[in-house]
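Using the working numbering, the letters of the sequence shown correspond one by one to residues 1 to 213. For each residue, glycine too, the CB sits at the ideal point set by N, CA and C. The next block holds one structure in the form of structure tokens; read it before the comments.
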Amino acid sequence: MSDLSPSPAALPSLTDFASFYLYGLTNQPYQQSTDVEKFGQLYNLTVGEHGGVALSSSFHPYQLVNQAGVTVWYAAYAQLYSQPNRAELFAAMADEQARFVVAPPASFSEFHVWPDTRLTSTDNPVFSHYIPFVLPFLVRKGPAALRWDAELAAAEGAAGTTADCFAPYLEAVQAAIRFVQPAPAFVLGFDEFDEQHPERLIDNFMSMRDTLL
1 MSDLSPSPAA LPSLTDFASF YLYGLTNQPY QQSTDVEKFG QLYNLTVGEH
51 GGVALSSSFH PYQLVNQAGV TVWYAAYAQL YSQPNRAELF AAMADEQARF
101 VVAPPASFSE FHVWPDTRLT STDNPVFSHY IPFVLPFLVR KGPAALRWDA
151 ELAAAEGAAG TTADCFAPYL EAVQAAIRFV QPAPAFVLGF DEFDEQHPER
201 LIDNFMSMRD TLL
């Protein structure tokens with residue numbers, strides 16, 4: 001007699017996730033927090049109704065890829081995949097928009113300067129005073145807009161300048177990072193990391209360079 005029981009659902013691959021990050025400037029980029037509730041609030045405020053993972057640390061951009069060439073986003077995925085209950089964890093992210101917080105491996109505490117050296121103090125001394133930081137999120141792909149994108153679209157469609165209309169939301173995000181990036185850190189934006197074009201992350205900081213001089 002053939003077995004008619006349903007086969008287990010295939011586990012999602014890394015391509016079923018998107019690598020997003022909040023970015024800004026600070027005086028100390030590499031900072032950690034164990035406040036899971038605050039990370040959840042920050043995730044809700046920036047990502048919204050999508051399952052995924054927040055990493056319990058902020059990083060300098062040159063800490064996002066370790067010596068083996070592994071990104072912090074891949075490391076977060078691998079940590080979930082290594083759990084005995086990984087099927088339940090991934091299902092919860094897809095079906096219930098569950099969010100998790102993971103601590104990055106210690107290898108990501110080390111700096112590994114990319115071939116694109118524009119964020120080094122040698123190339124641009126201003127970035128030794130206004131130091132770039134990144135807060136990464138691994139997000140299960142879905143049709144709904146991210147909270148950041150929805151807020152920006154609403155600001156662009158509102159009466160008044162986009163900057164003025166977006167300011168209250170940006171201030172809320174700024175306040176929400178204080179548990180892991182205290183003042184004088186400030187947020188510049190939110191974007192998706194493209195592993196094939198990592199220089200685009202650096203472009204985000206370079207676009208602000210002249211205003212910092």
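For residue i, write down the residues that DSSP places opposite it in a beta bridge.
{"i": "threonine 211", "result": "Answer is none; threonine 211 lacks a bridge partner."}
{"i": "isoleucine 131", "result": "Thr26"}
{"i": "proline 136", "result": "Tyr21"}
{"i": "leucine 55", "result": "Val102"}
{"i": "glutamine 32", "result": "Ser57"}
{"i": "valine 65", "result": "Thr71"}
Thinking C-beta only, is residue j closer than 8 Å to residue i?
{"i": "glycine 48", "j": "leucine 188", "result": "no"}
{"i": "valine 36", "j": "valine 101", "result": "yes"}
{"i": "tyrosine 30", "j": "serine 57", "result": "yes"}
{"i": "leucine 213", "j": "valine 126", "result": "yes"}
{"i": "valine 180", "j": "histidine 50", "result": "no"}
{"i": "phenylalanine 108", "j": "alanine 185", "result": "no"}
{"i": "leucine 119", "j": "isoleucine 202", "result": "yes"}
{"i": "glutamate 156", "j": "tyrosine 169", "result": "no"}
Beta-carbon within less than 8 Å of residue i's beta-carbon, same chain only, minus the 5 sequence neighbours each way: which residues are those?
{"i": "phenylalanine 111", "result": "His60, Tyr62, Gln63"}
{"i": "aspartate 204", "result": "According to the sequence provided, residue 204 is asparagine. The question's aspartate does not apply to it. Cβ neighbours of asparagine 204 beyond the five flanking positions: Tyr23, Leu188, Gly189, Asp191."}
{"i": "leucine 89", "result": "Leu80, Gln83, Ala98, Phe100"}
{"i": "glutamate 96", "result": "Gly51"}
I need the boundaries of the beta strand (DSSP E) containing residue i, first residue and last residue.
{"i": "leucine 188", "result": "186–192"}
Apart from the five residues on each side of it in sequence, which residues of its chain come closer than 7 Å, Cβ to Cβ, to residue i?
{"i": "leucine 55", "result": "Val72, Ala76, Val102, Pro104, Pro136"}
{"i": "leucine 14", "result": "Tyr74, Tyr77"}
{"i": "asparagine 27", "result": "Ile131, Pro184"}
{"i": "alanine 158", "result": "Cys165"}
{"i": "methionine 93", "result": "Gly51, Gly52, Arg140"}
{"i": "glycine 142", "result": "His50"}
{"i": "glutamate 215", "result": "The shown model of the chain, from 1 to 213, leaves out residue 215, and the question about it has no answer."}
What residue range is occupied by the uninterrupted alpha helix (DSSP H) comprising residue i?
{"i": "valine 173", "result": "162–176"}
{"i": "glutamate 88", "result": "86–96"}
{"i": "glutamate 49", "result": "From DSSP, glutamate 49 is part of no alpha helix (DSSP H); its letter is neither H nor E."}
{"i": "asparagine 124", "result": "No alpha helix (DSSP H) holds asparagine 124; DSSP gives it neither H nor E."}
{"i": "tryptophan 148", "result": "147–157"}
{"i": "arginine 200", "result": "199–206"}
For residue i, which residues in the same chain have their Cβ closer than 6 Å to its Cβ, ignoring the five residues on either side in sequence?
{"i": "aspartate 123", "result": "Thr117"}
Relative to the C-alpha of residue i, which residue among the options is closest?
{"i": "tryptophan 148", "options": "Pro12, Leu119, Leu42", "result": "Leu42"}
{"i": "glycine 69", "options": "Ala145, Pro198, Asp164", "result": "Pro198"}
{"i": "arginine 216", "options": "Cys165, Ile177, Ser128", "result": "Limits of the chain in this structure are 1 at one end and 213 at the other, which puts residue 216 out of reach."}
{"i": "alanine 106", "options": "Ala91, Ser121, Val65", "result": "Val65"}
{"i": "alanine 10", "options": "Glu195, Ala87, Glu156", "result": "Ala87"}
{"i": "glutamine 32", "options": "Ala150, Ile177, Trp114", "result": "Ile177"}
{"i": "tryptophan 114", "options": "Ser207, Gln67, Pro182", "result": "Gln67"}
{"i": "alanine 18", "options": "Phe193, Met206, Arg200, Thr211", "result": "Phe193"}
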